[in-house]
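Residue 958 is where the sequence shown ends in numbering that gives the first Met the number 0, and the numbering goes up by one at each step.
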Amino acid sequence: MSCRPAASAFTLPESLVHHVALPPRLPGEAESQLGRIEAALTDLLSNASRTVRDLTNDALCQTWESTRHILQISKALNAGGKLDKASLVNEFGRLSHGEILILHVAEQNAGLLIRRHKGSQGNVVEFEAFEASPLSENVLATQNALQWDFPGCAVAIPYSTFADASFQDELAGFLEQASTESIKRFAAHTYKARSFAFESRDTVDPSIITQMLMTVLEVHGHRIIPPTIRKRVRDDVIWSDGAERPWRRCPYWLVLRVGVERHLRAVHGNDIGRLHYKFLMCLVLVCLIEEALKQLSPESSNLLTAKLSRRLVKIEVDRCKAPASHHFVYESMFAALGPLFRRTTKRAHEHLEAVWNGFKLSIRRSIRPVPRQASRADLFMTLPNSGSYIEQVLSWRPQMESAYQEATQFDRLAATNDRSNTFAVHYLELARVETQIEESQSSRSIVDHETNCINISETIYTYLSTVGNSYDSNPEQKSTMLLAVMKLWMSLDQCATKLFPLLLEYNPSIPPGILDVLQLPSLVKMSALRDVQQYLQVRHAQCDFSRRSIFDDPCKGCFGERYFDESNDSQRLQEIYRNIETKAEIARSEKEKEWKRMCVEYETLEKQIAESTCLYTTAYSNIRVNEHVDEHRNCTKCYLRRKARRMRIDLHEHPLPWNIVQAKAAVFELGCSKAFKAYRNATWKIVGGLACSTPIKSSEPQLTLQDYSELRKYMKERTAGVSLASTTKSFLLTHYNSVHFPVSLDKVCVQNGLKLRYFDTLANVWLAHRPRTPTFAHHCWIGIPANSPFSSLQSSPNFLGDSNGPTSHEIIASQSKCPTGLNVHEFTAYQTLFSGKNRRWLSILVELGSSNLNFSTESTVLLVTQLALQAGPSFELDPLRTIHRVFRDEPFCKRLIEQISRRLEDISSSWRRNKLHGYAPHCDSQGVFAGDRAYGARGTETPRKGTYYYTHMDQPVAQ
0 MSCRPAASAF TLPESLVHHV ALPPRLPGEA ESQLGRIEAA LTDLLSNASR
50 TVRDLTNDAL CQTWESTRHI LQISKALNAG GKLDKASLVN EFGRLSHGEI
100 LILHVAEQNA GLLIRRHKGS QGNVVEFEAF EASPLSENVL ATQNALQWDF
150 PGCAVAIPYS TFADASFQDE LAGFLEQAST ESIKRFAAHT YKARSFAFES
200 RDTVDPSIIT QMLMTVLEVH GHRIIPPTIR KRVRDDVIWS DGAERPWRRC
250 PYWLVLRVGV ERHLRAVHGN DIGRLHYKFL MCLVLVCLIE EALKQLSPES
300 SNLLTAKLSR RLVKIEVDRC KAPASHHFVY ESMFAALGPL FRRTTKRAHE
350 HLEAVWNGFK LSIRRSIRPV PRQASRADLF MTLPNSGSYI EQVLSWRPQM
400 ESAYQEATQF DRLAATNDRS NTFAVHYLEL ARVETQIEES QSSRSIVDHE
450 TNCINISETI YTYLSTVGNS YDSNPEQKST MLLAVMKLWM SLDQCATKLF
500 PLLLEYNPSI PPGILDVLQL PSLVKMSALR DVQQYLQVRH AQCDFSRRSI
550 FDDPCKGCFG ERYFDESNDS QRLQEIYRNI ETKAEIARSE KEKEWKRMCV
600 EYETLEKQIA ESTCLYTTAY SNIRVNEHVD EHRNCTKCYL RRKARRMRID
650 LHEHPLPWNI VQAKAAVFEL GCSKAFKAYR NATWKIVGGL ACSTPIKSSE
700 PQLTLQDYSE LRKYMKERTA GVSLASTTKS FLLTHYNSVH FPVSLDKVCV
750 QNGLKLRYFD TLANVWLAHR PRTPTFAHHC WIGIPANSPF SSLQSSPNFL
800 GDSNGPTSHE IIASQSKCPT GLNVHEFTAY QTLFSGKNRR WLSILVELGS
850 SNLNFSTEST VLLVTQLALQ AGPSFELDPL RTIHRVFRDE PFCKRLIEQI
900 SRRLEDISSS WRRNKLHGYA PHCDSQGVFA GDRAYGARGT ETPRKGTYYY
950 THMDQPVAQ
C-alpha cells in the first residue's frame, strides 16, 4: 500500500486526466462518483468526434456524425452504470445497418458490442464480448502494459431471430439483471479460515457474458472469428491505507475505445479505421489540454502535451511505413487537423512558460538599495535585554572576608560532583537489591506457591530493570547478575511445577550448558552454579529430553491443549469452552434469521424493480434529438435499484478458531492463572531476552487475543507479556465484514479468521522467532583491547566465550597469520592459553614459568584473568568443574604460588623504577587473583603470600 490522496480530493477534470492519461500521481482509492466520470468520458469522445466532423471534408462527416450518435446512445444506455430493460428493447428495435451498441455490463466486468450489418450469410447481428478490466494480479505483475486482443469471443445470429420481440425482451431482461446483480460464484474470492470470502477489491470473472450468454446465442447462430484489435492496455492498482477499494482505471473507458475503434474499422477497413481512431484520440487529448489550461495544474498540462506530441510522432512513423495508397488519407487528416494540433501545443507551451516565469518571479529575493548614510537613530545601541545585566556588573564591588574560617562539619557526599554522586547511588541501590534477593530466598513461604510465583517473577523483572546496562562492560559482574537471575528462576520453576505438574513434561527451554561461560571469582558462587545446573539437568531428564516447550505455537500436544484436557482445571476450562460455543450458536441463529428476513426484502425489491419503469425511458424517446439526458432523482426504479445495491449484511464470525487445538489453546489463554502467566513471562524474559545474542526482528501482529472483541469478555484480566496473537485479521476487522445481496448463508456465517501464535507484547516479538540455541556467551565475552596486536583473534569463532578454543593443529597452521610486532612463539603461546579446557591452568602455569608471553601487557592480563574466571563445563558434582578441578592437586597449587611469588618479587624489586618512569605493570593484579583462586578453590584460609607482596610493594622486600 502507498500513501496517496483520496479520490474526493480531485475535481472532475482531474479525474478525467487520471483515466485518460494515467499520470504518476493517482488517487489512493476508487472514486465514489464513477457514473459522472463515465458520462464525462463519453462526452469527451463525443466532443472530439464533433470537432473532427467540423474540420474534415463532407465524405467523412457522415462517419463522424454516426460515431457521435453511437456515443450518445452508449451514454444513455450505460447511464448510472446499469442497463435498463426498456431502454435496451427500445434501442434493439431501432438498430440499423452499420450501427453498433456499446454496452458495459459493470457487475460482470464485461463489454458487449452489438452490431448489425450485411454479411456473406445475409442480414446478421454480431455479438462481441470481452473482459473490461484485468485482474489486479495481472496488472501488478506487468512492468508496463498488458497486451490484449479484442474481442474475446464473437457470435453472429440472423437478424430475423434478433428482431423477434420475445428474443429482445429476454435478452434485455438478462442484460439488465446481469448489470445490477453481483453473482458471488463468479466474483473474486480469497480463501480465509477454510472459507471463501468475497473479494470486492478485485475484478469479477466475466464468464456470465463471455461464456454463458455467448453459448446461448450460439444456439441461435454460429461462432465467428472477426479481425482482432491488439491494444496495449495500461492500468494500475493504487490502494492507500483505510481505503475500501483500490483505484483502478475506468473499465467503461476501455469498452468505449474498443467499441469506437471496432466501428471505425468496420466502416473504413482495418488500416484506415485504425488511423481515424488514432486521430480521434489525439483530439481527445486536445480537449483535455484546453480544459487543463483553464483549471488544471501545470503538471497535467505538460503531461497531456507530451502525450499528444508522442501520439503525433507515432502517426508520422506509421505514415512512413504505410503503403502509398494510404498516404492521401494521412495527408488529408494532417491538413485538416494539423493547425489545431500546432495551435494547441503552442498555447500549452506559452502557458507553461508564463507559469514558470511567474513562479521564478515569486521566489526571487528582493534586494533593497543600501542607504548612502546612516540615520542618527542607528548610531545608538539600546541594549534592551543586556542593559540591566551590564549595569549590575559595573556596580558590583568585591567584599573582603577573613582569610581564616572555622571548619564546619564536612559533607563528603556533597563534596563529590553530581556525576560521581549519581554513579555511587546507582550501584549502592544495585547492591541493596541484590542483598534483598539473597535474603528473600531463605524467607519465602514454602506453602503459597501461587504467591511465590508472582513475587519471584516481579523480582526478576525489577532486578533486570534496575541493573539495565550497568554491567554490560564488566563480564564478571554480568555473570554474577546472570547467576542471581538463574537462582531466582530455579525457585520460580520449583513453585510453578508444584502448581502445574504438567510443566515437568516440557522442556524448560534453558539448557544446562548455557551457564558454562559465566565468570565467577569465588567457590561460593561456583557452588551455586553447580546447584542451578544440576537442577536444569534433572528438569531435562524429567521431560525425557523433549524439545517441546511451553513457548511452542498451538499444535497437537502443545501445553495449552494438554492442560485443557488433563489438568485439574480441565473442568473449569471446558465450562468456558461450552459457554463460548453456546453463545456463538445463539448469535449464529439470530444472524440466520436476519439473513432470511433480508433475503425476502431483497427479493421483493427485485420484483418491484422488474415491474417498474425507469423515468429515463420517458426522455429516451428523444435521444436522437437531444444530446444530454438528465438523471431523474425522483425515479422510483432508480431509487429501488439504489436501495437494493446498498443492502448489506454484517458477517457472523465464530469466536473460536476452527482448529480444535487452537480453540483449546485460546480457551486456556482466556482462563490462564496469573501464576502461570508470571512464570511464562519470567522464563521468556531469560530465553527471549538475556539468552539472545542479537535482537529478534518480528512483524506486528494483526490482532492480539486480548483485543479480539468476540473473546475479550471471557478473559480474566488483561496482562502484558506473552499471549496469543494472530498473524491474520479477523473477518470483523477487514473489508469482508459485510457483503452485498444476493448472498448465501455460508458466506454470511463464516469460520474464525484468526491464526493464533504466541507473541510477546512487551518486546514485540513472535516466540517462534527465538534462537534455536540460547546462549549467555555474548554477556561473558573474552575481551582483547582493540589496539592490541592480538585483536585480530577476536573475530575468530575459536575465541568465543562458549567455544573450546583452537586445536593444536590449528595453532601450528596459524603461524603464517602472526601479526606484525609479535614473534611466532608469543603468538602461538597466546592461542595455547585458550586451547582446551582440561589443560587451561596447566598452560597458564607453563607460560608463567616461561618467557613466551609478556604478562605486563594489558591484553595478556585480560585474557588470563577472564580465562581463570570462566566456570567452564561441569564435572560430576565437583563445584570446581572441569577447568578448575586441577586445584585439588596440592603440588600444582604450590608450583602456581611459587611462580606467582617469583613474578611479584620481580615486580617489587623494580617498583620504584617503574613508578619513576610512569609505568604501572598489569601483572600485579593478575598474580594476586591467581593466588586467590588457588587458595579459594581449595577452600583454605592460609595467608596469601601473593597478597602480602602486593600490599607491601612500596616497602623493601629484603629484611
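Note that the Cβ used here is the ideal one computed from N, Cα and C, for glycine as well.
For residue i, does the count of other Cβ atoms within 10 angstroms reach 16, so buried, or fall short, so exposed?
{"i": "residue 876", "result": "exposed"}
{"i": "residue 534", "result": "buried"}
{"i": "residue 47", "result": "buried"}
{"i": "residue 818", "result": "exposed"}
{"i": "residue 623", "result": "Per-residue confidence for residue 623 stands at a pLDDT of 40, beneath the threshold of 50, marking its modelled position as unreliable; no derived number is given."}
{"i": "residue 499", "result": "buried"}
{"i": "residue 746", "result": "buried"}
{"i": "residue 14", "result": "buried"}
{"i": "residue 619", "result": "Its pLDDT being 42, under 50, residue 619 is placed unreliably by the model, and the measurement read from it follows with that caveat. With 16 or more other Cβ atoms within 10 Å, it is buried."}
{"i": "residue 633", "result": "exposed"}
{"i": "residue 477", "result": "buried"}
{"i": "residue 554", "result": "exposed"}
{"i": "residue 869", "result": "buried"}
{"i": "residue 56", "result": "exposed"}
{"i": "residue 345", "result": "exposed"}
{"i": "residue 322", "result": "exposed"}
{"i": "residue 366", "result": "exposed"}
Just verifying my parser: in three-state terms, what is the DSSP assignment at residue i?
{"i": "residue 11", "result": "helix"}
{"i": "residue 754", "result": "coil"}
{"i": "residue 270", "result": "helix"}
{"i": "residue 366", "result": "coil"}
{"i": "residue 248", "result": "coil"}
{"i": "residue 1044", "result": "Nothing can be reported for residue 1044: it is not among the residues displayed for the chain, which extend from 0 to 958."}
{"i": "residue 394", "result": "coil"}
{"i": "residue 663", "result": "helix"}
{"i": "residue 102", "result": "strand"}
{"i": "residue 874", "result": "strand"}
{"i": "residue 420", "result": "helix"}
{"i": "residue 691", "result": "coil"}
{"i": "residue 765", "result": "strand"}
{"i": "residue 515", "result": "coil"}
{"i": "residue 65", "result": "helix"}
Step through the CB atoms of chain D and report whether any lies within less than 8 Å of the CB of residue i.
{"i": "residue 50", "result": "Absence of chain D from the displayed structure is noted, only one protein chain being present."}
Do residue i and residue j have their C-beta atoms closer together than 8 Å?
{"i": "residue 374", "j": "residue 16", "result": "no"}
{"i": "residue 250", "j": "residue 131", "result": "yes"}
{"i": "residue 748", "j": "residue 590", "result": "yes"}
{"i": "residue 741", "j": "residue 601", "result": "yes"}
{"i": "residue 504", "j": "residue 674", "result": "no"}
{"i": "residue 291", "j": "residue 307", "result": "no"}
{"i": "residue 822", "j": "residue 881", "result": "no"}
{"i": "residue 235", "j": "residue 25", "result": "yes"}
{"i": "residue 568", "j": "residue 687", "result": "no"}
{"i": "residue 802", "j": "residue 830", "result": "no"}
{"i": "residue 731", "j": "residue 655", "result": "no"}
{"i": "residue 517", "j": "residue 481", "result": "yes"}
{"i": "residue 156", "j": "residue 124", "result": "yes"}
List the endpoints of the continuous beta strand (DSSP E) containing residue i.
{"i": "residue 114", "result": "109–118"}
{"i": "residue 647", "result": "647–649"}
{"i": "residue 1017", "result": "Absent from the model: residue 1017. The displayed extent of the chain is 0 to 958, so no value can be given."}
{"i": "residue 230", "result": "228–232"}
For the alpha helix (DSSP H) that residue i lies in, which residues bound it at each end?
{"i": "residue 84", "result": "84–93"}
{"i": "residue 594", "result": "569–610"}
{"i": "residue 122", "result": "Element bounds for residue 122: not the alpha helix (DSSP H) but the beta strand (DSSP E), 121–130."}
{"i": "residue 300", "result": "297–320"}
{"i": "residue 144", "result": "From DSSP, residue 144 is part of no alpha helix (DSSP H); its letter is neither H nor E."}
{"i": "residue 219", "result": "213–219"}
{"i": "residue 858", "result": "857–868"}
Query - Any beta strand (DSSP E) of 3 or more consecutive residues that is wholly inside the region 526–550 - result: Inside the region 526–550, DSSP marks no whole beta strand (DSSP E) run of 3 or more residues.
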